[in-house]
Amino acid sequence: MRCLITGGAGFIGSHTADALMAAGHEVRVLDALRPPVHMRPVRPPWLHDDAELIHGDVRDRAVLNRALEGVDAIFHLAAYQDYLPDFSTFFDVNASGTALLFELLVERRQELRRLVVASSQAVAGEGSYRDGDGQDFVPSSRSRDHLAEGRWEISDAMGRPATALPTPEIVSRPQNPYGLSKWTQERLVLDLAPRYGIPAVAMRYSIVQGPRQSFTNAYSGACRIFCLASHFDRPITIYEDGLQRRDFVDIEDVVQANLLVLEDERAIGGVFNVGGERAYTVLEFADLVQRAFDRQGTLEPSGRFRFGDTRHAVSDCTALHQLGWRPTRTPADSVAAYRDWLRSVDPSPAVLDDAAAEMERLGVVRGG
Ligand SMILES: NC(=O)c1ccc[n+]([C@@H]2O[C@H](COP(=O)([O-])OP(=O)(O)OC[C@H]3O[C@@H](n4cnc5c(N)ncnc54)[C@H](O)[C@@H]3O)[C@@H](O)[C@H]2O)c1
Numbered sequence: 000m001r002c003l004i005t006g007g008a009g010f011i012g013s014h015t016a017d018a019l020m021a022a023g024h025e026v027r028v029l030d031a032l033r034p035p036v037h038m039r040p041v042r043p044p045w046l047h048d049d050a051e052l053i054h055g056d057v058r059d060r061a062v063l064n065r066a067l068e069g070v071d072a073i074f075h076l077a078a079y080q081d082y083l084p085d086f087s088t089f090f091d092v093n094a095s096g097t098a099l100l101f102e103l104l105v106e107r108r109q110e111l112r113r114l115v116v117a118s119s120q121a122v123a124g125e126g127s128y129r130d131g132d133g134q135d136f137v138p139s140s141r142s143r144d145h146l147a148e149g150r151w152e153i154s155d156a157m158g159r160p161a162t163a164l165p166t167p168e169i170v171s172r173p174q175n176p177y178g179l180s181k182w183t184q185e186r187l188v189l190d191l192a193p194r195y196g197i198p199a200v201a202m203r204y205s206i207v208q209g210p211r212q213s214f215t216n217a218y219s220g221a222c223r224i225f226c227l228a229s230h231f232d233r234p235i236t237i238y239e240d241g242l243q244r245r246d247f248v249d250i251e252d253v254v255q256a257n258l259l260v261l262e263d264e265r266a267i268g269g270v271f272n273v274g275g276e277r278a279y280t281v282l283e284f285a286d287l288v289q290r291a292f293d294r295q296g297t298l299e300p301s302g303r304f305r306f307g308d309t310r311h312a313v314s315d316c317t318a319l320h321q322l323g324w325r326p327t328r329t330p331a332d333s334v335a336a337y338r339d340w341l342r343s344v345d346p347s348p349a350v351l352d353d354a355a356a357e358m359e360r361l362g363v364v365r366g367g
């Protein structure tokens, strides 16, 4: 197949490109090569030599039309992800960009084998909980006052401790502009695609980890920050009490999920969570990063918090398991691969300081 990957010069896209080419497909990448992921608008060294690269923006009708020429399948991964308060940009790139893609597909009457759209666990917000009476509910975000008092866990309506559950795809309660824009992308897949006979699938990735994950994107998570801190022999900063849970997933497993839904007809019209085999606390994860870098010492939660973070983020991946996908790699595997890549690239310590300073400046990190 001829595959187009928007955002294909980034982390998930470039790995997906490698796997598609290894499977005998042709790959064209459309990428704006924009900061913070690309500090200069040049072809990144990790992009496969045989991938055709179109340098351009998914919001540009003419460029997108050119990129669509002759393709059988599309992975739509280009996105704006940041903590910046330019709220409209999230909708402009992620929601409008995807709507434009659908618009052109309809206009061109393009016959596609598959359109795979990248969604995010951020769509689920705080996710599913069970209250003190055994009833399931979906909480709203934690209040600033509660966080400032160090009340990290979610309570039910009666103020009793609530139990976090693995969250299925049916739950959508995004709590920030990024999550809202990703939800819109999902809705386009669910509502618009069937109306026009477009065989589309949305993938709700959990936190994806592995080599090529940008050093300079403040949004890329714990693996980058903890590994960089360890690499430069700095303390690891743990927000809240470190007991928040995440179902980190390895890039290689994500790529396998992408390839599966490209071929499997049963995936059409679905939204699929793509998360790790089990949840880890942030402290547990930091501990395995320390071990990967042969570091000693106790990890101290800072009591600080990032306003807008979810307490627990764990997806129920039953739907994708039923299609035959299972994660094969652990967070320890992802960390080892990221560590080796980091050592080979040898970034400047400024990448760690700049991202931390930016989050302080924007008031994302608080308390303590
Ligand atoms: N990495 C994760 O943990 C994660 C988790 C959930 C969802 N996702 C989603 O998966 C997708 C890929 O994420 P990633 O981690 O590979 O991101 P990334 O930042 O590494 O790559 C994104 C690529 O998109 C390009 N891009 C940005 N804006 C563009 C535009 N307007 N036009 C064309 N190209 C543009 C960037 O230059 C970059 O190369 C995104 O849609 C993201 O929202 C990622």
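Quick note: the sequence shown uses numbering that gives the first Met the number 0, first residue 0, plus one each step.
Even glycine gets a Cβ: it sits at the ideal position worked out from N, Cα and C.
For Gly307, the CB contacts under 6 Å within the same chain, skipping 5 residues up- and downstream, are Asn175 in chain order.
The Cβ atoms of Gln243 and His145 do not sit closer than 8 Å to each other. In this chain, the beta strand (DSSP E) harbouring Cys2 covers 1-5. Not one heavy atom of ligand 1 falls within 7 Å of the beta-carbon of Gly209. Pairing Ser314 with Arg203 gives a Cβ-Cβ distance under 8 Å. Closest option to Leu32, judged by alpha-carbon separation, among Pro43, His24, Val270: Pro43. In the DSSP annotation of this structure, the continuous segment of the beta strand (DSSP E) that includes Val116 starts and ends at 113-119.
Collapsing the DSSP output to three states places Ser154 in a strand. Listed in chain order, the non-local C-beta contacts of Val253 below 7 Å within the same chain comprise Ile11, Tyr204, Val207, Val273, local neighbours out to five positions each way being set aside. Within the same chain, Gln184, Leu187 come within 6 Å of Thr97 by CB-CB distance, once the 5 residues on both sides are set aside.
Bounds of the beta strand (DSSP E) holding Glu51 are 51-54.
Between the alpha carbons of Phe90 and Met20 lies a distance of about 31 Å. One Cα belongs to Ala278, the other to Arg245, and the distance between them is close to 5 Å. Put simply, the backbone Cα of Asp71 is about 11 Å away from that of Arg27.
For Asn257, the enclosing alpha helix (DSSP H) starts and ends at 250-262.
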